[in-house]
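Novice:
Numbering (this note's numbering), first residue to last: 12 to 231.
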């Protein structure tokens with residue numbers, strides 16, 4: 012389903028099959044020469060079909076569209092490899108791109124397995140649990156063509172001029188897009204409408220909840 016939410020900005024609901032979240036919101040921003048697509052959906056047939064249909068209805072091609080991935084989770088990054096073309100710029104933060112770029116082969120999953128064992132899961136059950144994890148199951152194929160962004164990086168598309176705001180907490184490198192003049196925030200999963208985001212321990216000894224609360228202060 013496509014809904015125009017602002018001039019030249021369209022919200023695309025991408026289905027997430029067999030998942031309690033049910034759908035993720037992708038945003039298509041029409042530009043003068045290049046368009047921008049923010050987040051993608053799972054790497055699965057249902058999400059692929061919905062995205063292809065939406066782009067067709069919007070009369071857009073990925074050859075003239077760039078990608079911005081707010082964070083590493085597969086409901087936002089999963090279709091990255093499917094959508095990218097030689098003409099596509101893919102923007103993402105370095106910490107999250109490191110995880111996403113490796114797909115199912117990412118060293119992140121080895122660390123995650125060790126974390127599960129240390130958390131009390133028996134070793135024999137780890138592999139099965141990993142393969143059922145939606146982040147692993149619907150991860151994109153291996154990709155290394157990122158244009159890395161950091162806090163303060165600017166992306167202009169059409170009438171909008173976005174600044175990248177680092178909002179770590181939900182993930183180590185979560186990024187929001189903010190147009191100061193229009194007071195428009197594309198928040199990824201940093202702020203959600205009806206639920207709170209998942210704050211996950213990514214590294215032992217790190218105050219991830221504190222990071223998240225500090226990130227909330229940044230955009231308040």
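Just so it is clear, CB atoms sit at the ideal spot from N, CA and C, and this is done for glycine as well.
Everything numeric in this text was worked out from a predicted model, so none of it was measured.
1) Tell me the DSSP secondary structure of residue 188 in three-state form.
2) Look up residue 233 in the DSSP assignment and say whether it is helix, strand or coil.
3) Is it the case that the Cβ atoms of residue 7 and residue 111 are separated by a distance below 7 Å?
4) By Cβ distance, which residues of its chain are closer than 6 Å to residue 21, with the 5 residues on each side in sequence left out?
5) So, are the CB atoms of residue 100 and residue 73 less than 7 Å apart?
6) May I ask which residues mark the beginning and end of the beta strand (DSSP E) holding residue 129?
7) Counting pairs of Cβ atoms below 8 Å between the stretch 154–169 and the stretch 53–71, do you hit three or more?
8) In this structure, what does DSSP give as the bridge partners for residue 173?
9) Helix, strand or coil for residue 107 per DSSP?
10) Have a look at residue 190 and residue 207 and give me their C-alpha separation to the nearest angstrom.
11) To the nearest angstrom, report how far apart residue 202 and residue 230 are at their CA atoms.
12) Which residue comes first and which comes last in the alpha helix (DSSP H) that contains residue 145?
13) Using the DSSP secondary-structure output, state which residues sit across from residue 37 in a beta bridge.
14) Suppose contacts are defined by Cβ-Cβ distances below 7 Å. Is residue 10 in contact with residue 83 by that definition?
15) By DSSP, does residue 115 sit in helix, in strand, or in coil?
16) Quick check: what's the CA-CA separation for residue 127 versus residue 142?
17) Could you check where the beta strand (DSSP E) with residue 155 kicks off and where it finishes?
18) Let's see if you can read the secondary structure: which residues bound the beta strand (DSSP E) around residue 14?
Specialist: With the structure as the only source:
1) strand
2) Any question about residue 233 goes unanswered here, given that the chain covers just 12 to 231.
3) Outside the displayed range of the chain (12 to 231) lies residue 7, so it cannot be described from this structure.
4) 13, 15 and 39
5) no
6) Residue 129 -> not in any beta strand (DSSP E); alpha helix (DSSP H) instead, spanning 118–129.
7) no
8) 166
9) helix
10) 23 Å
11) 10 Å
12) 145–148
13) 23
14) Outside the modelled stretch of the chain, which goes from 12 to 231, sits residue 10, for which no answer is possible.
15) helix
16) 13 Å
17) Unbroken run through residue 155: none, as it is neither H nor E.
18) 13–17
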